[in-house]
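Below is one structure; the comments refer to it alone.
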Amino acid sequence: VIANFAPMAFRQPPAWVVYSPLLPLLLLLLSGLYMFVLPYAAKGRGMQRAGG
2 VIANFAPMAF RQPPAWVVYS PLLPLLLLLL SGLYMFVLPY AAKGRGMQRA GG
């Protein structure tokens with residue numbers, strides 16, 4: 002965050018400075034959603050095996 006706001010204090014930063022945090026944030030979002038869904042997916046698969 003500091004690396005992103007420091008250039009903004011002096012002048013208009015280039016676009017790559019502004020958009021550079023988006024890739025790590027996207028990776029964090031995807032991994033977080035994956036870990037959130039894991040227990041529900043495992044629970045659903047366990048129910049199907051026990052019922053079948």
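Per this note's numbering, the very first residue in the sequence shown carries number 2; after that it's consecutive. From the three backbone atoms N, C-alpha and C, an ideal C-beta is built for every residue, glycine too.
- For P14, the three-state secondary structure derived from DSSP is coil.
- The Cβ atoms of V18 and P25 do not sit closer than 8 Å to each other.
- Taking V2 as reference, the option from P22, R12, Q13, P14 with the minimal CA-CA separation is P22.
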